[in-house]
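Letter 392 of the first sequence, counting from 1, is numbered 556 in our numbering, and no numbers are missing.
Just so you know, even glycine gets a beta-carbon here, dropped at the ideal spot from N, CA and C.
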Amino acid sequence: MSTLYWFRRDLRLSDNPSLLAAGNEVYPVVVSGSLDGLSKVRVDSLTASWRSLNESLDGNLTLIDDVAECANRLGVTAVHCARAYEPAGISEQERVARDLESLGIKLVIGPGNYALSPGTVRKPDGTPYRVYTPFFKAWFERGWESPRPAPVGVTWASAGGRELPSGPPVRVGEAFALRTFERFAKRALHEYNEDRNRADLSGTSHLSHALAHGEVHPRTLLAQLGDSQSEVSFMKELAWREFYADVLWHNPHTVEGYYEPRFANMRYDFDESKLVAWQQGKTGFPMVDAGMRQLMTTGWMHNRVRMIVASFLVKDLHIEWQHGARWFEQHLTDFDVASNSHGWQWTAGCGTDASPYYRIFNPITQGYKFDPNGDYVRKYVPELRGISGKEVHEPWLLIDGLSPDYPAPIVDHSVERAEALARLEEIKVV
DNA sequence: TTTTGAGTTGTTCGA
DNA sequence: GTCGAACAACTCAAA
């Protein structure tokens, strides 16, 4: 009996239990609505992942507009997919399930792209964790299942939808994800504990795109990790992804709503010209500008730099975190709603296990620390390439060093730091 | 039951 | 120049 498989954010064949459940005669499809509202860079990256998956499916992956309509036309009795845990995905799957049910077709939803599905790790009293470290302990002690093999002997058939959109070649896909991990495991993983914060090095895994698109299952990675300090550090990063998915699952309003509600009452500014300067990487703070331009030119930003630019928007410009989160959503090809919203809320101080009120990043100090030679800044801010060495982090100190094209700092950090502390004081719990 | 110490990612100030 | 203390309030887990 044929089934229809609806690929969403699980664009892989191996270690995909939902796909294994779909049987031996499968119509693989993706849905055109997945592209709605996405920026060009995200459309390009998602459709590149689709094209890569299509090669593994012997060219049978097609693009459809409506799952229920397609399933009905093909006469299948069941549609299979992997579970979504974020609010938009949940409601989409509920809607499709209702549409299918009215046609007498089952929607079979398998587990999603987490070692432990959101909602499963709980405190002994049954409530969800609000602090990462105890979550990690419970998550680790509970453990996860072994990776599953790719399906064997499946006949893929075209559902007769449209051809996949073409686009620029992007290095993505399941095989690329596995190669990326192998490369990482051979080199950077050993120094991960030391180098992952260095913006000027390639010390991170570069697997965020693959994890966000489900080109690899996290437990496929976990199964290959030992217990060295660096391997445990990487495991903890994977656990952060699971923690934030869990937090969002329990608190769906926190996509754009405050996890800690009293922060909704804090005084914020909205200066459009400052927001635009931040977005365009023209704040006059080299480390911030390098990060924002890396985002614009590559669709990715180093995690350490994400914190620096986020802190700058929230604590130096006093702009609400949601504006920054939305900008990231438009430009990050590895966008993950749970990690994005809760990463921002952590920096803003309103999230789980939040950054203490006094932890305000100094964008200059952070530059010296995590781009010690200034190479990262020079790579992404061409106006500053004439300045050699670490001096690039404070171009205003150089008599002849400042390019006329590069802006002066748009704020005084020490003034805005004090302002941020004063505003936090106003919402202090008495 | 109550208490206690720790909690991803930091900065500043004063000794 | 280095170094340690101080900087909310609250959650969680262990004692």
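Own chain residues within Cβ distance below 6 Å of residue i, not counting five before or after
i, result
"residue 442", "477"
"residue 272", "242, 244"
"residue 261", "271"
"residue 500", "376"
"residue 349", "none"
"residue 525", "472, 475"
"residue 465", "455, 458, 459"
"residue 338", "176, 379"
Three-state secondary structure (DSSP) of residue i
i, result
"residue 544", "helix"
"residue 242", "strand"
"residue 286", "coil"
"residue 326", "strand"
"residue 499", "coil"
"residue 391", "coil"
"residue 591", "coil"
"residue 291", "coil"
"residue 598", "Residue coverage of the chain in this structure runs from 165 to 594, which leaves residue 598 outside it and unanswerable."
"residue 531", "helix"
"residue 369", "coil"
"residue 175", "coil"
"residue 415", "coil"
"residue 430", "coil"
"residue 585", "helix"
"residue 514", "coil"
"residue 331", "coil"
"residue 408", "helix"
"residue 314", "coil"
"residue 577", "helix"
"residue 267", "coil"
"residue 490", "helix"
"residue 374", "helix"
"residue 504", "helix"
Which residues DSSP lists as bridging residue i, in chain order
i, result
"residue 191", "168"
"residue 320", "190"
8 Å Cβ shell around residue i - same chain, five flanking residues per side excluded
i, result
"residue 555", "538, 561, 562, 565"
"residue 573", "447, 448, 449, 560"
"residue 269", "232, 235, 236, 240, 241, 242, 243"
Residue closest to residue i, alpha-carbon to alpha-carbon, out of the options
i, options, result
"residue 218", "306, 202, 328, 281", "328"
"residue 416", "253, 225, 589", "253"
"residue 207", "459, 330, 514", "330"
"residue 308", "513, 175, 383, 396", "383"
"residue 480", "515, 527, 460", "527"
"residue 198", "257, 590, 224", "257"
"residue 497", "468, 213, 196, 176", "213"
"residue 511", "529, 467, 493", "467"
"residue 190", "570, 200, 169", "169"
"residue 482", "439, 490, 350, 464", "439"
"residue 286", "444, 449, 516, 411", "411"
"residue 446", "250, 568, 372, 500", "568"
"residue 180", "283, 347, 313", "313"
"residue 436", "404, 237, 487", "487"
"residue 400", "290, 297, 216, 365", "297"
"residue 267", "432, 235, 288", "235"
"residue 407", "579, 546, 504, 202", "504"
"residue 203", "581, 494, 524, 534", "494"
"residue 457", "471, 413, 546, 387", "546"
For residue i, the first and last residue of its enclosing beta strand (DSSP E)
i, result
"residue 227", "226-228"
"residue 271", "270-274"
Beta-carbon contacts of residue i that lie in its chain and below 7 Å, excluding the five residues immediately before and after
i, result
"residue 354", "394"
"residue 542", "548, 549, 556"
"residue 221", "192, 320"
"residue 422", "428, 514"
"residue 334", "208, 209, 212"
"residue 365", "359"
"residue 508", "474, 485, 488, 489"
Endpoints, the alpha helix (DSSP H) within which residue i is located
i, result
"residue 452", "450-462"
"residue 219", "204-220"
"residue 438", "436-444"
"residue 560", "Where residue 560 is concerned, there is no enclosing alpha helix (DSSP H), given that its DSSP letter is neither H nor E."
"residue 471", "467-475"
"residue 277", "Per DSSP, residue 277 belongs to no alpha helix (DSSP H) and is neither H nor E."
"residue 342", "338-350"
"residue 384", "382-386"
"residue 304", "296-306"
"residue 183", "181-184"
"residue 526", "No alpha helix (DSSP H) contains residue 526, which DSSP labels as neither H nor E."
"residue 163", "This structure cannot speak to residue 163, because the chain is shown only from 165 to 594."
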